[in-house]
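Numbering (this note's numbering), first residue to last: 37 to 87.
Just below is one structure, and these are the notes that go with it.
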Amino acid sequence: MRMFSGKVRKSLALILLCLGLVLVLAGIYRGEAETVFNKAVHICMECIGIG
């Protein structure tokens with residue numbers, strides 16, 4: 037049993053894709069990308085044992 041028809045499913049997928057893109061761009065605009073990158077670097081340095 038299908039919950040959504042093909043047209044509705046494609047429309048929903050496009051809306052969710054656009055929403056995700058808008059949220060990613062909002063995070064980049066706010067400077068969150070740099071924060072995430074810095075945290076990732078620190079975690080990797082701790083796992084390797086350098087930091």
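Using N, Cα and C, we set each Cβ at its ideal position, and we do this for glycine too.
- Task: Kindly give me the distance between the Cβ atoms of Phe40 and Leu48, rounded to whole angstroms, as I take these residues to be in contact under 8 Å.
- Result: So it is a contact: roughly 7 Å between Cβ atoms.
- Item | Rounded straight-line distance, which links the Cα of Val77 to that of Val60 | If you take the alpha carbons of Val60 and Val77, they lie about 20 Å apart.
- Query: What separation, rounded to the nearest whole angstrom, lies between the Cα atoms of Gly67 and Val44?
  - Reply: For Gly67 and Val44, the distance between alpha carbons rounds to 35 Å.
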